[in-house]
Amino acid sequence: MTGVRNLILVLGDQLTPAVSSLSAADPSRDRVLMAELHDEATYVRHHKKKIAFLFSAMRHFAEDLRARGWSVDYVRLGAAENRPSFTEPLADAVAEHRPERIVVTEAGEWRVSEMIRSWRDIFGLPVDILPDDRFLCSHGEFALWAAGRKQLRMEYFYRDMRRRTGLLMEGDQPAGGTWNFDSENRKPADPSLFMPRPIGCPPDAITEEVLALVEARFGDHFGDLLPFGLAVTRADAEASFAAFVDEALPKFGDFQDAMLRGEPFLYHSVIAQYLNCGLLDPLRACRQVEVAYRAGKVPLNAAEGFIRQIIGWREYVRGIYWLKMPGYERSNFFSHARALPEFYWTAETDMACVRAAVTQTKELAYAHHIQRLMVTGNFAMLAGIDPYALHEWYLSVYADAYEWVELPNTVGMSQFADGGLLASKPYAASGAYINRMSNYCGSCHYDVKQRTGERACPFNALYWDFINRNRAKIGGNPRMAQMVRTYDKFAADERRRIAESAAAFLARL
Ligand code: FAD
Ligand code: DLZ
Ligand code: SF4
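When we follow my numbering, the leftmost residue of the sequence shown carries the number 4, and every step to the right adds one.
Below, the structure is given as structure tokens:
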């Protein structure tokens with residue numbers, strides 16, 4: 004067949020008709036290519052649920068495009084042998100359709116964007132790489148914002164995004180007279196509160212077929228495939244988000260940092276996997292939240308907290324990723340080199356907080372932010388785990404994980420491995436923080452009140468040991484210098500016991 008003008012490659016995280024490669028195209032002359040790829044499912048061994056979610060969402064999206072009049076070549080995994088990466092199905096489609104050019108919206112990951120850059124030479128065709136305008140801030144705009152600043156801080160970036168979008172603005176002032184209500188968003192949750200759950204979407208025939216494929220091909224990957232209840236269409240993702248706005252958002256702010264036994268979601272939205280693959284539009288979601296606030300259905304601290312995560316943190320970490328790649332993935336400020344403990348895969352640990360986070364990660368491919376940051380992330384930093392190994396873990400185990408968002412959160416925010424480029428101080432905490440924000444400690448083998456000894460909460464000795472061994476690196480930060488001074492006031496015997504407890508625990512790892 005001849006006469007195809009543009010061959011449009013739609014990547015697995017570009018599942019919206021509004022993506023720039025499609026919005027500028029013409030279904031009568033252009034052709035779409037999508038492919039399920041062995042290499043993409045295994046470059047880190049993704050959670051089974053994540054692969055099933057994405058493949059099913061891709062298949063549904065291809066159907067959606069066909070219904071809109073597009074000609075779509077959809078390459079199913081295993082349909083042809085040795086078609087493992089984007090390049091092979093693309094070569095097949097180029098040979099078959101002889102397009103004038105290849106068009107693709109820029110990839111979210113450095114690795115894939117490098118691959119795309121190689122195609123002009125491989126295929127001898129022009130390759131148009133279009134900006135991903137699902138994001139508010141382009142790479143160039145972020146680089147301009149960052150240029151000449153001594154410190155990059157999310158808060159100032161976020162204010163610019165508020166001004167730019169007009170979200171929660173009264174003229175040129177923030178609604179309520181304050182930009183950021185974070186200090187109101189740190190309440191521990193009460194288990195007696197009503198906890199809404201994200202709506203479940205039972206698998207349809209397309210998803211059932213994908214589930215069988217994933218079990219057959221990736222059955223040895225981490226994680227539980229079943230039960231499967233994620234939305235795989237835009238309509239279901241939007242219904243899930245609407246339910247969140249009605250039921251959970253009013254309390255999202257208050258309990259944003261809380262953790263509770265048996266409550267994996269609390270008042271979180273559980274939409275990152277939909278935003279990141281294109282099923283939900285970030286700005287539209289924020290506008291819906293603003294409407295709920297203006298209608299008096301949602302308090303300002305909740306609306307602001309939610310909008311900040313999306314137009315603030317989400318955009319900011321993406322900016323950092325593209326500013327610092329390649330190379331950022333190997334950041335290791337503390338020179339941490341310990342292997343990732345086996346319990347990150349098995350959940351077999353006596354630490355109740357870590358066990359809960361890993362168990363639900365295995366079951367749901369989901370843990371909320373504070374579990375990622377202050378439980379699994381905090382533990383890894385205190386224990387001196389190699390940040391690259393940890394990065395590969397986070398990238399593989401969460402349904403919402405793509406390198407552009409996962410890497411800065413892991414390397415920058417949770418491990419301080421970039422030396423403070425992204426975060427103003429290390430998110431290091433002893434068991435007291437986890438005890439304050441959760442009810443895990445009550446059922447734990449360890450005693451959160453003890454600092455040293457066999458039954459002492461491991462976070463305690465590890466925390467003080469971390470402060471002491473990194474004093475030269477963190478002492479310049481006023482908030483950390485205070486902790487170094489506190490350590491120095493401990494009696495010599497106590498300091499020795501801390502070192503011994505930490506060493507004994509790490510030796511058992
Ligand atoms: P909610 O708490 O309901 O927040 C709403 C939305 O805000 C999220 O859906 C997300 O899109 C956005 N958001 C919130 N916090 C952040 C943040 N720090 N960075 C970027 N966006 C944010 N988020 C991912 O989307 N993918 C990842 O791979 C990822 N890896 C992480 C790794 C670590 C070590 C840490 C500490 C955080 C990571 N995050 C990641 C950020 C955050 O934990 C998740 O976005 C959030 O838990 C997703 O759950 P939710 O949709 O219920 O979020
Ligand atoms: C994460 C993922 C997986 C598991 N599988 C595919 C796939 O089969 N086909 C595809 O186009 N994309 C997949 N993705 C997303 C990519 O790995 C990658 O994250 C994005 O293309 C961003 O660069
Ligand atoms: Fe986690 Fe320590 Fe509490 Fe146990 S006592 S749940 S290890 S913080």
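All C-beta atoms in this analysis are idealised placements derived from N, C-alpha and C, irrespective of residue type, glycine included.
{"Item": "Which runs of the alpha helix (DSSP H) at least 4 residues long sit entirely within the segment 173 to 221? Give them in chain order.", "Value": "208 to 221"}
{"Item": "Taking all protein chains shown into account, do 16 or more other C-beta atoms lie within 10 angstroms of the C-beta of tyrosine 391, making it buried, or fewer, making it exposed?", "Value": "buried"}
{"Item": "Within 10 angstroms of its Cβ, does histidine 448 collect 16 or more other Cβ (buried), or is it exposed?", "Value": "exposed"}
{"Item": "What residue range does the alpha helix (DSSP H) around alanine 60 cover?", "Value": "51 to 70"}
{"Item": "For methionine 2 and arginine 48, what's the separation of their Cα atoms in angstroms?", "Value": "No answer is possible for residue 2: the residues shown for the chain start at 4 and end at 512."}
{"Item": "With C-beta atoms as the reference, is phenylalanine 56 less than 8 Å away from valine 273?", "Value": "no"}
{"Item": "With burial defined as no fewer than 16 other Cβ atoms inside 10 Å of the residue's Cβ, what is the status of tyrosine 159: buried or exposed?", "Value": "exposed"}
{"Item": "Leaving out five residues before and five after alanine 242 in sequence, what residues of the same chain have Cβ atoms less than 7 Å from its Cβ?", "Value": "Ile202"}
{"Item": "Between which two residues does the alpha helix (DSSP H) harbouring valine 487 extend?", "Value": "481 to 492"}
{"Item": "For ligand 2, is there any heavy atom lying closer than 7 Å to the beta carbon of histidine 142?", "Value": "no"}
{"Item": "Give a single yes or no on whether tyrosine 405 has its beta carbon closer than 7 Å to a heavy atom of ligand 2.", "Value": "yes"}
{"Item": "Please look up how many angstroms separate the CB atoms of methionine 377 and isoleucine 470, rounded, as I've assumed it's under 8 Å.", "Value": "Their Cβ separation, rounded to whole angstroms, is 16 Å, which puts methionine 377 and isoleucine 470 out of contact at 8 Å."}
{"Item": "I need the straight-line Cα distance from methionine 4 to aspartate 67, nearest angstrom please.", "Value": "Because the pLDDT of methionine 4 is 46, which lies under 50, any placement of that residue in the model is unreliable, and the question is left without a value."}
{"Item": "Whole angstroms is fine: what's the gap from alanine 38's alpha carbon to aspartate 257's?", "Value": "42 Å"}
{"Item": "CB-CB under 6 Å to leucine 80, same chain, minus the five flanking residues each way: which ones, in chain order?", "Value": "Glu39"}
{"Item": "Look at the alpha carbon of aspartate 403 and the alpha carbon of phenylalanine 493, and state the distance between them as a whole number of angstroms.", "Value": "43 Å"}
{"Item": "Can you look up leucine 465 in the DSSP assignment and give me helix, strand or coil?", "Value": "helix"}
{"Item": "What do you reckon, is the C-beta of glutamine 17 under 7 Å from a heavy atom of ligand 1?", "Value": "no"}
{"Item": "Return the residue from the list Ile11, Arg101, Glu99 that minimises the CA-CA distance to valine 107.", "Value": "Ile11"}
{"Item": "Using three-state DSSP, classify leucine 425 as helix, strand or coil.", "Value": "coil"}
{"Item": "Write down the C-beta distance between phenylalanine 336 and alanine 420 rounded to the nearest angstrom, noting that I regard them as a contact closer than 8 Å.", "Value": "5 Å"}
{"Item": "What does a CB cutoff of less than 8 Å around asparagine 304 pick up in its chain, not counting 5 residues either side in sequence?", "Value": "Phe184, Glu187, Asn188, Gly256, Asp257"}
{"Item": "Counting pairs of beta carbons, one from the segment 160 to 178 and one from the segment 125 to 134, are three or more of them closer than 8 Å?", "Value": "no"}
{"Item": "Between which residues of its own chain and phenylalanine 526 is the CB-CB distance below 6 Å, once the five residues before and five after are set aside?", "Value": "The structure shown does not extend to residue 526, since the chain is modelled only from 4 through 512, so no value can be given for it."}
{"Item": "Evaluate glutamate 109 with the Cβ neighbour count: other Cβ atoms within 10 Å of its Cβ, from every protein chain shown; 16 or more gives buried, anything less gives exposed.", "Value": "buried"}
{"Item": "For the beta strand (DSSP E) that contains serine 399, what are its first and last residues?", "Value": "Not the beta strand (DSSP E): serine 399 falls in the alpha helix (DSSP H), residues 390 to 400."}
{"Item": "Rounded to whole angstroms, what's the CA-CA distance from glutamate 366 to arginine 123? Just pull it up for me.", "Value": "42 Å"}
{"Item": "Output yes or no for whether 8 Å exceeds the beta carbon distance between leucine 269 and histidine 371.", "Value": "yes"}
{"Item": "May I ask whether a heavy atom of ligand 1 can be found less than 7 Å away from the beta carbon of tryptophan 316?", "Value": "yes"}
{"Item": "Enumerate in chain order the residues of its own chain whose CB-to-CB distance from lysine 53 is below 6 Å, with the five nearest sequence positions on each side excluded.", "Value": "Ala368, Ala402"}
{"Item": "Assign asparagine 473 to one of two classes, buried (16 or more other C-beta atoms within 10 Å of its C-beta) or exposed (fewer than that).", "Value": "buried"}
{"Item": "So, for leucine 278: in the same chain, excluding its five sequence neighbours on each side, which residues have a beta-carbon less than 6 Å away from its beta-carbon?", "Value": "Pro285"}
{"Item": "Could you tell me the distance, in whole angstroms, from the CA atom of leucine 18 to the CA atom of lysine 452?", "Value": "49 Å"}
{"Item": "Could you tell me whether the Cβ atoms of valine 7 and aspartate 33 are closer together than 8 Å?", "Value": "yes"}
{"Item": "So for threonine 90, helix, strand or coil by DSSP?", "Value": "helix"}
{"Item": "Compare the beta carbon distance of alanine 355 and cysteine 444 with 8 Å and say whether it is the shorter of the two.", "Value": "yes"}
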